[in-house]
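Colleague: This is the structure I want to talk about, given as C-alpha cells.
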Amino acid sequence: MAFEQITPDFGNWIFGASVLLILRLCLVAAGLGVLGFAVSSARRGPAEGFYGVARIVASAVRDFSNWSPGRTIAMAMLAMQEAIRRRVLIVFVVFIVLILMGGWYLDVKSDHPARLYLSFVLTASNYLVVMLALFMSAFSLPADIKNRTIYTVVTKPVRPQEIIVGRILGFVAIGTLLLIPMGVISYFFVKRGLSHDHAVEVDKVVAVSGEGDVVARGETTFDAHHRHTFEMFDNGTGQTDLAMSHWHSITKANDGSYQFGPAVGLLQARNPHFGTLRFKDRAGQDTDKGVNVGDEWSYRSYIEGGSLAAGIWTFENVTPERYPDGLDLEFNLSVFRTHKGNIVDGIVGAFEFRNPNPNADVQRSERKTFTAVEFRSDKRLVDRKIQIIDRENGSVRDGDLFELVDDGRLELWITCGERGQYYGMAERDVYILDRDGVFALNLMKGYVGIWLQMAIATAIGVMFSTIVSGAVAMMATLSSIVIGFFTKFVIEVATGTQMGGGPVEALIRIFSQANLQVDLEIGQASTTTVQGIDRVMMTIMTTLAGMLPDYRALSTAQHVAYGYNIDASLVSIQLLTTFAYVVVFSLIAYFLLKTREVAA
1 MAFEQITPDF GNWIFGASVL LILRLCLVAA GLGVLGFAVS SARRGPAEGF
51 YGVARIVASA VRDFSNWSPG RTIAMAMLAM QEAIRRRVLI VFVVFIVLIL
101 MGGWYLDVKS DHPARLYLSF VLTASNYLVV MLALFMSAFS LPADIKNRTI
151 YTVVTKPVRP QEIIVGRILG FVAIGTLLLI PMGVISYFFV KRGLSHDHAV
201 EVDKVVAVSG EGDVVARGET TFDAHHRHTF EMFDNGTGQT DLAMSHWHSI
251 TKANDGSYQF GPAVGLLQAR NPHFGTLRFK DRAGQDTDKG VNVGDEWSYR
301 SYIEGGSLAA GIWTFENVTP ERYPDGLDLE FNLSVFRTHK GNIVDGIVGA
351 FEFRNPNPNA DVQRSERKTF TAVEFRSDKR LVDRKIQIID RENGSVRDGD
401 LFELVDDGRL ELWITCGERG QYYGMAERDV YILDRDGVFA LNLMKGYVGI
451 WLQMAIATAI GVMFSTIVSG AVAMMATLSS IVIGFFTKFV IEVATGTQMG
501 GGPVEALIRI FSQANLQVDL EIGQASTTTV QGIDRVMMTI MTTLAGMLPD
551 YRALSTAQHV AYGYNIDASL VSIQLLTTFA YVVVFSLIAY FLLKTREVAA
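Here's what the structure looks like:
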C-alpha cells in the first residue's frame, strides 16, 4: 500500500479546518442570498425581491430558535417506518447472497488472501449502503409531495429544518442498522475463510547439525492451496517460512507430533512509526530527490547502486521505553534494473544506523546487507545488541542500539550495492512497527468510513429532493457521488496531468481511435473550439469537485485490507469533515424547502 496522502495531526488540522468551514458557510450563505434575490427579483422586482429574502432570513432565525428535538426525532421515526415499508431490507438480503456466493469466485490461490477477502466484503458493503442511501433519500420527499402526504406534516407545528434533519437521521439510522450486521457477518466470513491448519509430512523431516540451534527441517502438508517449509529448534519449537503472506509457529509434543499455531500475518492492524526522508546523490552530496528513472508514477525516487547514493530516514521519539527489545523494521522498496543481473537472488543492498548528532562519540553501526524484496513487505528485526564502529580507531565493538540515539532521534541509511541497479523509495516505504492494534477494532473503523460516506450521500439526496423530482434528485445525487469518488481524476484532467484532454476531446479520440499523445487531426479551428468547450466544462467540474466531498478520503478500506491500523487522528478528521458537510447540505436543503410552496 502506498501512503500517497499523509494524515495530518488532528491538533494541527483542526484550526485550519475550522477557518475553512467558516469561510465555506459564509460563501454558502452569500450564494444562497444572491440566488434567492435574483430569483425573487425576476418574479416580483428588486424591492420585493429584497424584502422576500429578508423575510426568509428572519423566519429562519425564528425556526432555529424554536427547534424541537422531540419533533425532529418524530420525523426520524417516520422516515424509518417509510423506508422499511419500501423494503430497504432487501439490501441486506443481497449482501448475504454475495457473501454466500463470494467463496465460489474469489481467487483461493491468491498470494494475499486476507487482502482479497477484506477488499471484497468492504467494497460490497460500501456500494450497497451508498446506493441504499441514494435511493432512500432521493425519492422520499418528492413522493410525499406528489402524493400530498406532506400536507399532514407541514400543516402541523413542524418546522422545515426538523423535516430535513429528521429525514437525514432516519435514513442514516436505517443504514446503520443494516451496516452493523454486515460488519459482523464480514468479520466471521473473513475469519472462517482464512482459517486453516497444517500437518507435518514426517518422511520429509530431515535432521541437521552444525547450524546453530536448528536441529531439523521439513515440509507441511498441502492445505488451503499452499504448503510451508519449516525449521525446528533445539528447544522443541519451530517456525514455518512465509507463504501466502503468513507463517505458523510449531511446537513438538512429547509424543513426537507437531502442533501448528494460528496463521500470523493475515489479519493484523500494524502501527507504523514513520520518519522523514532525505537523499544523498551518487557523489554523497545532499539532494532534494533521488534519480528519476522514467517511471510515470512519481511517488518514489531512486538511488543508484554501487555509489554513495543513499536514502536516509530520520525517526523521532525512538526511546528504550518504547522499543525495549529493539526495532521491528519493515521495508517496501522497489527495484529498477538497467540490466537483468541475477534475477534469482535479487538486488543486494545494505542498511546501517547513524547518530544524527555529528559530534557524538558513537556515530554509526556496522553495515548489514540485505536483498530487496519486491511486491511485498520485508520485515527485519534489529536487536538492541548491535555491532558499533568506534569513532576513534574504526574498530568494531559490541554496543547498544540506543547509543546511536540523540534526544530520541535516530537515522537509518539504506544503500543499493549493485552497479546499474536502483532502489526506489518514498518517505512512507520504510518505518518502525509499534505494537499491533486489534484487528476487529480496525475492521470496525473501516466500516465507520463506509458509514460516513452513507451519511453524506443521504444529506445530498435529501437536499436535492427538496427542489426537484425523485428521478432528477437521484441523478444529481449519483453525479455527486461519482465526482466524489473520482475527485483526483477530475482535477488531473482539468490541470492537464492526465493526457487525452477533456470530455469532448476524449469522445473524439474514442471515435477516431487517436492515440492520447498525438494532436487532434480535425483542423486548427476545430481543435481550438473543442479545447475551449472542454475548458469551460472542466472549470465547472473542478468547481464541483472542490465543493463536493471526496468520498475516497473517507474510505479506509485499503488500510484494513493491507493490515495497517487506522489511527484516531484520521478517524477524528473524517468524523468532523462529514459533520461539516452534513451541516452545510442541511442548511441548503432548509432554505430550498423554505422557498418551495409545498402546501399551496
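Numbered according to my numbering, the sequence shown terminates at residue 600, and the numbering increases by one at each position without gaps. Glycine included, every Cβ here is placed at the ideal spot set by N, Cα and C. Predicted model, so just to flag it, every value in this text is computed and none were measured.
Compute the Euclidean distance between the alpha carbons of residue 598 and residue 95, then round it to the nearest angstrom.
Modeller: Taking the sequence shown and counting its residues from 1, one reaches residue 598 at position 598. Taking the sequence shown and counting its residues from 1, one reaches residue 95 at position 95. At residue 598 the pLDDT is 49, less than 50, meaning the model places this residue with poor confidence; the figure from the coordinates comes in the next sentence. Rounded to whole angstroms, residue 598 to residue 95 spans 37 angstroms at the Cα level.
Colleague: Expressed to the nearest angstrom, what Euclidean distance is found between the alpha-carbon atoms of residue 421 and residue 302?
Modeller: Position 421 of the sequence shown, counting from 1, holds the residue named residue 421. Position 302 of the sequence shown, counting from 1, holds the residue named residue 302. For residue 421 and residue 302, the distance between alpha carbons rounds to 10 angstroms.
Colleague: Between the segment 323-341 and the segment 372-382, can you find at least three pairs of beta-carbon atoms closer than 8 angstroms?
Modeller: The segment 372-382 vs the segment 323-341: in contact.
Colleague: Given 8 angstroms as the limit, is there contact between the segment 170-190 and the segment 439-456, that is, 3 or more CB pairs closer than that?
Modeller: With the cut-off at 8 angstroms, the segment 170-190 and the segment 439-456 touch.
Colleague: Keeping to the same chain, check which residues put their C-beta closer than 6 angstroms to that of residue 465; ignore five residues upstream and five downstream.
Modeller: Your numbering for residue 465 matches position 465 in the sequence shown. Result list for residue 465: 138, 141, 142, 473, in chain order.
Colleague: Pick out whichever of 535, 29, 159 has its Cα sitting closest to the Cα of residue 602.
Modeller: The chain is shown from 1 up to 600; residue 602 falls before or after that span and cannot be answered.
Colleague: Which of helix, strand or coil does DSSP assign to residue 144?
Modeller: Stepping through the sequence shown from its first residue, residue 144 is reached at position 144. It is helical.
Colleague: Who pairs with residue 246 in a beta bridge, going by DSSP?
Modeller: Along the sequence shown, read from residue 1 onward, the residue named residue 246 stands at position 246. Residue 246 is bridged to 243.
Colleague: According to DSSP, residue 369 sits in a beta bridge with which residue or residues?
Modeller: Within the sequence shown, numbered from 1, the residue matching residue 369 stands at position 369. According to DSSP, which records beta bridges pairwise, residue 369 is partnered with 350.
Colleague: Out of 366, 357, 30, 342, which has the shortest C-alpha to C-alpha gap to residue 350?
Modeller: Along the sequence shown, read from residue 1 onward, the residue named residue 350 stands at position 350. With distances taken between Cα atoms, residue 350 lies closest to 366.
Colleague: Taking C-alpha atoms, which residue in 257, 414, 314, 270 lies nearest to residue 308?
Modeller: As a first step, residue 308 must be located in the sequence shown, where it is residue number 308. Per the Cα distances, 414.
Colleague: Taking the alpha helix (DSSP H) that residue 330 belongs to, which residues open and close that run?
Modeller: What you label residue 330 is simply residue 330 of the sequence shown in a count that begins at 1. No alpha helix (DSSP H) holds residue 330; the beta strand (DSSP E) holding it covers 327-331.
Colleague: Kindly indicate which three-state DSSP category residue 40 falls into: helix, strand or coil?
Modeller: Indexing the sequence shown from 1 puts residue 40 at position 40. Three-state result, residue 40: helix.
Colleague: Is DSSP giving residue 600 helix, strand or coil here?
Modeller: Working through the sequence shown from its first residue, we reach residue 600 at position 600. Bear in mind that a pLDDT of 46 at residue 600, under 50, signals an unreliable position, so the model cannot answer this.
Colleague: Quick one: complete alpha helix (DSSP H) runs, 4+ long, within the segment 407-466?
Modeller: Runs found: 439-465.
Colleague: Assuming residue 483 and residue 545 are in contact, meaning their beta carbons sit under 8 angstroms apart, how far apart are those beta carbons, in whole angstroms?
Modeller: Taking the sequence shown and counting its residues from 1, the one referred to as residue 483 is at position 483. Taking the sequence shown and counting its residues from 1, the one referred to as residue 545 is at position 545. Going by Cβ atoms, the distance from residue 483 to residue 545 rounds to 6 angstroms, so yes, they are a contact pair.
Colleague: In terms of residues, what are the limits of the alpha helix (DSSP H) holding residue 559?
Modeller: Sequence index remark: in the sequence shown, residue 559 carries index 559 (1-based). Run containing residue 559: 557-561, per the alpha helix (DSSP H) assignment.
Colleague: In the structure shown, what three-state DSSP assignment does residue 216 receive?
Modeller: Locating residue 216 in the sequence shown gives position 216, where the first residue counts as 1. Residue state, collapsed to three classes: strand.
Colleague: Since residue 460 contacts residue 353 with CB under 8 angstroms, what's their CB separation in whole angstroms?
Modeller: Within the sequence shown, residue 460 is the residue found at index 460, counting from 1. Within the sequence shown, residue 353 is the residue found at index 353, counting from 1. The pair is not a contact, with the Cβ atoms about 51 angstroms apart (cut-off 8 angstroms).
Colleague: Hey, would you say residue 1 sits closer than 9 angstroms to residue 423, going by beta carbons?
Modeller: The count along the sequence shown starts at 1 and reaches residue 1 at position 1. The count along the sequence shown starts at 1 and reaches residue 423 at position 423. In this structure, residue 423 does not lie closer than 9 angstroms to residue 1 by Cβ.
Colleague: Would you mind reading off the limits of the alpha helix (DSSP H) that contains residue 110?
Modeller: In the sequence shown, the residue the question calls residue 110 occupies position 110. Residue 110 -> no alpha helix (DSSP H), and no H or E assigned at all.
Colleague: So which of 448, 316, 539 has the shortest CA-CA distance to residue 274?
Modeller: One-based indexing of the sequence shown puts residue 274 at position 274. Out of 448, 316, 539, 316 has the C-alpha closest to the C-alpha of residue 274.
Colleague: State yes or no: is the C-beta of residue 250 within less than 9 angstroms of the C-beta of residue 305?
Modeller: The residue you call residue 250 lines up with position 250 of the sequence shown. The residue you call residue 305 lines up with position 305 of the sequence shown. The answer is no: Cβ separation not under 9 angstroms.
Colleague: Comparing C-alpha positions only, which one of 594, 567, 587, 583 sits nearest to residue 8?
Modeller: Start at 1 with the first residue of the sequence shown, and residue 8 comes out as number 8. Cα-wise, what sits closest to residue 8 is 567.
Colleague: With DSSP as the reference, label residue 507 as helix, strand or coil.
Modeller: For the purposes of this step, residue 507 is taken as residue 507 along the sequence shown, with counting starting at 1. Helix, per DSSP.
Colleague: Since residue 436 and residue 269 should fall inside the 8 angstroms C-beta cutoff, what is the C-beta to C-beta distance between them, to a whole number of angstroms?
Modeller: Here residue 436 corresponds to residue number 436 of the sequence shown, with the count starting at 1. Here residue 269 corresponds to residue number 269 of the sequence shown, with the count starting at 1. Confirmed, about 6 angstroms.
Colleague: Going by C-alpha to C-alpha distance, which of 405, 569, 320, 280 sits closest to residue 271?
Modeller: Here the question's residue 271 lines up with position 271 in the sequence shown. Ranking the options by Cα distance to residue 271, first place goes to 569.
Colleague: For residue 313, list the residues DSSP reports as bridge partners.
Modeller: Looking up residue 313 in the sequence shown gives position 313. Paired residue(s): 277, 412.
Colleague: Using a Cβ-Cβ cut-off of 8 angstroms (strictly less than) and excluding sequence neighbours within five positions of residue 196, which residues of its own chain qualify?
Modeller: Taking the first residue of the sequence shown as 1, we reach residue 196 at position 196. Excluding residues within five positions, the ones whose Cβ falls inside 8 angstroms are 223, 224, 263.
Colleague: Just to confirm my understanding: we take residue 600, look at its own chain, exclude 5 residues before and 5 after, and list those with CB closer than 8 angstroms. What are they?
Modeller: For the purposes of this step, residue 600 is taken as the residue at position 600 of the sequence shown. Only weak support is given to the placement of residue 600: the predicted model assigns it a pLDDT of 46, under 50, and the value that follows is read from those uncertain coordinates. So no residue of the chain qualifies.
Colleague: Taking only the alpha-carbon atoms, compute the straight-line gap between residue 581 and residue 108 and give it to the nearest angstrom.
Modeller: Within the sequence shown, the letter at position 581 stands for residue 581. Within the sequence shown, the letter at position 108 stands for residue 108. Answer to the nearest angstrom: the Cα atoms are 41 angstroms apart.
Colleague: Between which two residues does the beta strand (DSSP E) harbouring residue 547 extend?
Modeller: Start at 1 with the first residue of the sequence shown, and residue 547 comes out as number 547. Taken as a continuous stretch (DSSP letters only), residue 547 belongs to no beta strand (DSSP E), being part of the alpha helix (DSSP H) at 524-547.
Colleague: Per DSSP, residue 272 forms a beta bridge with which residues?
Modeller: Numbered from its first residue, the sequence shown carries residue 272 at position 272. Partner(s): 433.
Colleague: Kindly list the residues whose CB is nearer than 7 angstroms to the CB of residue 490, restricted to its own chain and excluding five residues on each side of it in sequence; keep chain order.
Modeller: Translated into the one-based positions of the sequence shown, residue 490 becomes position 490. Cβ within range, chain order: 483, 541, 542, 545.
Colleague: Tell me the DSSP bridge mates of residue 232?
Modeller: Numbered from its first residue, the sequence shown carries residue 232 at position 232. Beta-bridge pairing links residue 232 to 216, 238.
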